[in-house]
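Under the numbering used here, the first residue of the sequence shown carries the number -12, and numbering increases by one thereafter.
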Amino acid sequence: MKESLILVGTQWGDEGKGKIVDYFSQKFDAVCRFQGGHNAGHTIYSQNEKFVLHLVPSGIFYNHVQCFIGQGVILSLDSLLEEVNKLKERGINLEGKLRISRYCSLLLPIHATIDQLREDNKNSIGTTKRGIGPAYEDKTARRSIKVFDLEDQTNLKKKIESIVEYYNFQIVNIHNSKPVDASEMLVETQKAFDNLEKYFGDVTDTLEEIHNKGGNILYEGAQGTLLDVDYGTYPFVTSSNTLATSVGVGSGFPKSIYSNVLGVAKAYTTRVGAGPFPTELFDLEGEKIAELGNEFGATTGRPRRCGWLDLVALKYSAKLNNLSELCITKIDVLNNFENIKVCVDYEIEGKSTSYKSRNLHEVTPVYENFAGWQCELSAFKNFDSLPEPAKKFIYFIEDYVGVKISLISHSPERDGLIFR
Ligand code: GDP
Ligand code: IMO
Ligand code: MG
């Protein structure tokens, strides 16, 4: 029996998950998204071409891989249709390879409208403005339209009208903006569904079949641990559970929870949007990381805030996800640094304090200093041949976090990896 694997981000997203899922897909029979929505932006280089995926799983570039979107994902039909069409135009085959749960809750254009209006207010948390928060709110409030609702026209009309009425009250009375037209949204939603209908079906039973035949499944996490709605830096989080432990509910295949868990962490830290970030840099070193790492959001194009690697937070992530192993990405971004820092403790008024998301705004990071390796790591083909300072950096992270680093990524390309 081949082992299945859950891959999750261990920081505030954008750790390079897409690249790693794409690489591992070669060895898997299926790849499944289980939470989040098109707030995700997963970048992949396939045959020297750049792709950014938002909803389609990052295994789509291999013909032998079956791709699934589980019911934990909030589904924007417009966004999915656009993504599917773009992939097809670029010669990527999706026929018979993509299957989406009929139980997914829909993200409607009105969710994005209300997300944008709320973000324009002073209590903004820097969302992607895609409508993710309102769509998950509706799911929890039992107002959601599910994919299967699209199969019954009368029922669909009633449900859309009721959601539009609910949000139009807020749009008009709280945000002083123009109401949204329900009939237009109904037509657009139906049109998108008609174009995508062939991709919908059962996910649970098909994942079980693959598993029972001895196949292996790669579960592709989106966002990152510190953006988890329960365990992240609340309220500056996304609206889904991003932890590996949410895979059972989100994929609909309960045996998924027995998979190994690979955590992905950048060799430094980034964050998009508002919220606490203890190791954030506001100086030239931060600018250098941003520039060398090309740190701009794959979904919104916003500049990412940058800082040193935070091992206190990473250890917390390792524990919450029960990580089996770690992958460190973007180590090449640190190639030209004379000195590299990693955060090993937090202090409040000079006293050491552990990771607690509620007081993260107040902590001062305590750093361990490392000499940089100051050379191109892509020249080294295996871990043992890496320069000593780079090995020391990796060993230190591993010792601190208590999880083996089995993989190091040193370029955006598929094969820019060093295994251990
Ligand atoms: P994801 O959301 O976790 O999939 O990550 P994103 O795609 O949003 O952001 C990661 C960015 O880093 C993308 O532009 C990747 O192409 C790039 N990337 C991934 N791994 C590496 C690496 O090892 N080195 C460098 N320089 N870039 C990388
Ligand atoms: P991937 O999968 C980085 C952040 C937003 C904002 C917060 C809430 O590419 O790693 P939302 O639109 O979800 O309500 O925004 O979460 N965020 C991400 N940051 N990478 C992502 O996804 C993100 N998805 C959401 O910037 O701070
Ligand atoms: Mg991303």
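Where a beta carbon is used, it is the ideal one built from N, C-alpha and C, also for glycine.
Look at residue 151 here: in three-state DSSP terms it is helix. For residue 330 against residue 303, the beta-carbon gap comes to about 12 Å, at or over 8 Å, which does not count as contact.
Beta bridge pairing from DSSP links residue 358 with 326.
With a threshold of 16 other beta carbon atoms within 10 Å, residue 390 meets it and is buried. In the DSSP assignment, residue 191 falls within the alpha helix (DSSP H) that extends over 191 to 199. Counting of Cβ neighbours within 10 angstroms places residue 388 among the buried residues, the total reaching 16 or more. When the Cα atoms are used, residue 373 and residue 305 turn out to be separated by approximately 25 Å. The beta carbons of residue 320 and residue 255 sit closer together than 8 Å. Inclusion of residue 26 in the 7 Å shell around ligand 2 follows from its C-beta lying nearer than that to a non-hydrogen atom of the ligand.
When the Cα atoms are used, residue 268 and residue 400 turn out to be separated by approximately 27 Å. In this structure, residue 206 places its C-beta atom within 8 Å of the C-beta atom of residue 21. With respect to the C-alpha of residue 64, the residue from 282, 176, 97 and 211 having the closest C-alpha is 176. With fewer than 16 other Cβ atoms inside 10 Å of its own Cβ, residue 83 counts as exposed. Here residue 351 is exposed: its Cβ has fewer than 16 other Cβ atoms, across all protein chains shown, within 10 Å.
As for any alpha helix (DSSP H) of minimum length 4 sitting wholly inside the region 295 to 347, the runs are 298 to 308, ordered along the chain.
By the criterion of a C-beta distance shorter than 7 Å, residue 184 is surrounded by no residue of its chain, once the five residues flanking it on both sides are discounted. DSSP places residue 263 in the coil class of the three-state scheme, outside both helix and strand. Per DSSP, the unbroken alpha helix (DSSP H) holding residue 171 starts and ends at 169 to 183. If you check the CB distance, residue 290 and residue 278 do not come in under 8 Å. Pairwise C-beta distances place the region 12 to 31 out of contact with the region 328 to 348, as fewer than three of them are shorter than 8 Å.
Using a Cβ-Cβ distance cut-off of 8 Å, the region 247 to 263 and the region 37 to 51 are not in contact, since fewer than three pairs of beta carbons, one from each stretch, lie closer than that value. Note on the region 235 to 286: whole alpha helix (DSSP H) runs with a minimum of 4 residues are 271 to 279, in chain order.
In the three-state scheme derived from DSSP, where H, G and I count as helix and E and B as strand, residue 40 is classed as strand.
Taking a cut-off of 8 Å for Cβ pairs, the region 94 to 112 and the region 51 to 68 touch, as three or more such pairs fall below it. Taking the Cα of residue 174 as reference, the smallest distance to any Cα among 137, 14, 116 and 243 is reached at 137. Relative to ligand 1, the nearest heavy atom lies less than 7 Å away from the CB of residue 396. Distance from the Cα of residue 79 is smallest, within the candidate group 105, 50, 55 and 87, for 50. With a threshold of 7 Å, the Cβ atom of residue 402 does not count as near ligand 2, since no heavy atom of the ligand is closer than that. With contacts defined by Cβ atoms closer than 8 Å, residue 356 and residue 231 do not form a contacting pair.
At a threshold of 7 Å, residue 51 does not count as near ligand 1, since its beta carbon sits no closer than that to any of the ligand's heavy atoms. In this structure, residue 370 lies near residue 405, with their beta-carbon atoms less than 8 Å apart. At the C-beta level, residue -11 and residue 203 come within 8 Å of one another.
Residue 113 places its beta carbon 8 Å or farther from that of residue 102. In the DSSP annotation of this structure, residue 220 is not part of any beta strand (DSSP E), being labelled neither H nor E.
Taking a contact to require three or more Cβ pairs closer than 8 Å, the region 359 to 366 and the region 313 to 327 qualify as touching. At the C-beta level, residue 213 and residue -2 come within 8 Å of one another.
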